[in-house]
Amino acid sequence: MPPMTILEARALAHSFDYPLFRDLDLTLSAGESMAIIGVSGSGKSTLLHILSTLLEPEAGSVTLFGKELYALKGEELVALRRDDLGMIFQSHYLFKGFSGYENLEVAAILAGEPIDPVLLKRLKIDGVIGQKVTELSGGQQQRVSIARVLTKKPRLIFADEPTGNLDHDTALEVMAIFDEYIKSHDASLVLVTHDEELAMRCDRVYRLHEELFEPVK
Ligand SMILES: Nc1ncnc2c1ncn2[C@@H]1O[C@H](COP(=O)(O)OP(=O)(O)O)[C@@H](O)[C@H]1O
Ligand SMILES: [Mg+2]
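This note's numbering numbers the first residue of the sequence shown as 26 and each following residue consecutively.
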């Protein structure tokens, strides 16, 4: 049996002050990772928002797990986000008044999944996870966000520059963790990054460039 299609976009177009992309097609299968690269302002984050239920495109369609996204009702989009998607975005969705660990507990309770101490060690946050989110550095908050999303065990992860505040070795470890997660859970990843070396660790790589979505790998 061919791998199941998780995400499909057809003929997407969007513009803000200037056109960002048009006629953009993509598909992503279970167990597969895709990186999107491109210079600042090329529309990477906008595309990720469109693919992840947050922004309706000017033209085209997005199908997630066989459902056409922007035909769904608001509450169906909320349920999809809650149950199936993991979002690691630059504005970390962490509860600021809570400790890192309490943030993980919220995700763990909602998903009925355990918190994995090995994951915290690999992300090198096991020693600081008891501290309030506001006391953590940007890089530590970024890693708590990654741990929170993985604790939820999503079928599809969207990550926007998830390693932007991390040193190179830690960024490589995060990529290894993502890779193991998607392969072992038959999950999928869409990663936006400006780091081509990290991007090349994904199964497929595309570049947003002058309104086009060009395959690089
Ligand atoms: N909500 C918005 N309203 C108006 N302009 C926006 C909005 N979001 C993004 N833009 C503009 O769209 C362009 C692409 O932004 P973005 O998708 O964030 O690019 P990238 O992530 O590749 O740096 C930028 O010029 C940005 O200012
Ligand atoms: Mg961006």
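Note that the Cβ used here is the ideal one computed from N, Cα and C, for glycine as well.
The region 223–232 / the region 44–61 touching (three or more Cβ pairs under 8 Å)
With the cut-off at 8 Å, the region 223–232 and the region 44–61 touch.
Is it right to say Ile150 is buried, meaning 16 or more other beta carbons lie within 10 angstroms of its own, or is it exposed?
Working through the sequence shown from its first residue, we reach residue 150 at position 125. By the neighbour-count rule (16 or more Cβ atoms within 10 Å), Ile150 is buried.
Three-state secondary structure (DSSP) of Tyr43
Taking the first residue of the sequence shown as 1, we reach residue 43 at position 18. Coil at Tyr43, not helix or strand.
Of the choices Leu191, Glu93, Ala184, whose alpha-carbon is the least far from that of Gly163?
Along the sequence shown, one-based indexing puts residue 163 at 138. Residue Leu191 holds the alpha-carbon nearest to the alpha-carbon of Gly163 among Leu191, Glu93, Ala184.
Is Thr159 buried or exposed, if buried means 16 or more other CB atoms sit within 10 Å of its CB?
As a first step, residue 159 must be located in the sequence shown, where it is residue number 134. Burial call: exposed.
Using the rule of at least 16 other Cβ atoms within 10 Å of the residue's Cβ for burial, across every protein chain shown, is His39 buried or exposed?
Walking along the sequence shown from the start, residue 39 turns up at place 14. Buried, by the Cβ-count rule.
Looking only at DSSP bridge pairs, what is His219 linked to?
For the purposes of this step, residue 219 is identified with residue 194 of the sequence shown, where counting begins at 1. Under DSSP, His219 forms no beta bridge with any residue.
Please list the segments of the beta strand (DSSP E) lying wholly inside the region 86–118, counting only runs of 3 or more residues, in order along the chain.
Every beta strand (DSSP E) of 3 residues or more that sits fully in the region 86–118 is shown, in chain order, as 110–113.
Does the Cβ-Cβ distance between Leu37 and Gly91 come in under 8 Å?
Taking the sequence shown and counting its residues from 1, one reaches residue 37 at position 12. Taking the sequence shown and counting its residues from 1, one reaches residue 91 at position 66. Taking 8 Å as the Cβ cut-off, Leu37 and Gly91 do not qualify as a contacting pair.
Whole-angstrom distance between Tyr95 and Glu101, CA atom to CA atom:
Translated into the one-based positions of the sequence shown, residue 101 becomes position 76. Translated into the one-based positions of the sequence shown, residue 95 becomes position 70. CA-CA distance, Glu101 to Tyr95, rounds to 10 Å.
Let's see if you can read the secondary structure: which residues bound the alpha helix (DSSP H) around Ile171?
By 1-based counting over the sequence shown, the position of residue 171 is 146. For Ile171, the enclosing alpha helix (DSSP H) starts and ends at 163–176.
Would you say Glu81 and Thr52 are within 8 Å of each other, going by their C-beta atoms?
The count along the sequence shown starts at 1 and reaches residue 81 at position 56. The count along the sequence shown starts at 1 and reaches residue 52 at position 27. One thing to note: Glu81 has its Cβ no nearer than 8 Å to the Cβ of Thr52.
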